[in-house]
Amino acid sequence: GDQPSQAARVVEAMFKMGRAYEQQGQRGIAERLYQQTVTEFAARRLAPASDAAEFAAQAAFSLTEAQFEEFRQMKISGQVVKLDRQAERMAVRARELSRLYQLIWTYRRVNWTLAAMAREGSIYEAFARAYAEGFRTAPMPADLKKLMRGVSDEDREFFMGEYQTKVDEALAAAVTPLEQQALKLYEACLARATEFGVANEWARLARTRLNAYQPEKYPLLKEEKVDLALE
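Here my numbering is used: the first residue of the sequence shown is 7, the next is one more, and so on.
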């Protein structure tokens with residue numbers, strides 16, 4: 007490792023040790039080795055687009071994926087009037103994750119650049135789903151419950167209809183921009199894949215998610231006809 011000519015192999019060795027530990031289920035050790043892979047690549051001033059950059063990019067992606075999994079588990083819940091506050095915290099985290107994925111572009115490795123771009127779309131799609139779930143499961147406000155006590159079935163139906171309309175309008179206003187952001191990012195990934203002349207799993211993921219929203223504009227290729235659920 008002291009020899010400059012072996013710098014790339016040090017980076018490769020760090021990554022492969024990390025992957026071996028991950029395959030054994032020892033994620034904590036694997037993450038430390040992935041971080042060391044990234045650190046060694048930078049410290050040894052290895053070039054982007056090099057073979058060593060492939061290992062560093064994959065290590066950086068794996069580290070960020072762990073954070074994405076935590077993000078995907080975040081919930082937005084409670085009274086409708088409190089959802090925006092929780093959503094803002096999730097928005098901050100979404101921006102942080104996007105920045106981490108964008109850093110992977112600097113390694114200039116096609117597969118991991120596309121992976122990072124696709125995952126940015128996944129971030130905002132997961133955010134939109136969490137927000138939508140928050141609206142759908144929000145409890146009825148206490149003042150509305152009180153108002154509905156002792157009223158006729160007709161009035162109760164009217165109040166419920168008015169309330170649901172307002173919830174639907176608020177949901178659309180909050181969630182639609184997030185879905186549009188996700189689609190924009192998936193489109194960017196697909197455009198970059200076309201530019202590179204690459205058809206890999208990340209380009210397929212981007213097309214599959216676009217097809218879920220705009221099937222006529224983004225038809226699936228024959229081999230892409232798979233489960234549309236976000237992983």
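Glycine residues also receive a C-beta, built at the ideal position from the N, C-alpha and C atoms.
In this structure, DSSP gives K22 a helical state, which the three-state scheme calls helix.
The alpha carbon of T43 has as its nearest neighbour, out of Y113, R105, S128, W208, the alpha carbon of Y113. Sixteen is the threshold: since fewer than 16 other Cβ atoms of the shown chains lie within 10 Å of the Cβ of R142, the residue is exposed. Contact between L196 and A209 holds, with the beta-carbon distance rounding to 6 Å and staying under 8 Å.
Comparing C-alpha distances from Q170 to each of A199, L150, Q187 shows the shortest one belongs to L150. Apart from the 5 residues on each side of it in sequence, A66 sits with its Cβ closer than 6 Å to the Cβ of V44, I110 in its chain, given in chain order.
Apart from the 5 residues on each side of it in sequence, Q220 has no Cβ closer than 7 Å to any other Cβ in its chain. A Cβ-Cβ contact shorter than 8 Å links A58 with V17. Taking 8 Å as the cut-off, the beta carbon of E46 is found no closer than this to the beta carbon of L69. Less than 8 Å separates the beta-carbon of I129 from that of A100. Counting only the Cα atoms, E131 lies some 28 Å from P147.
Scanning its chain for C-beta atoms nearer than 8 Å, with the 5 sequence neighbours on each side dropped, one finds around E185 the residues Y130, E131, A134, Y219, in chain order. Judged by beta-carbon spacing, Y40 lies beyond the 8 Å limit of G127, meaning their Cβ atoms are not closer than that value.
The DSSP-derived three-state label of R114 is coil.
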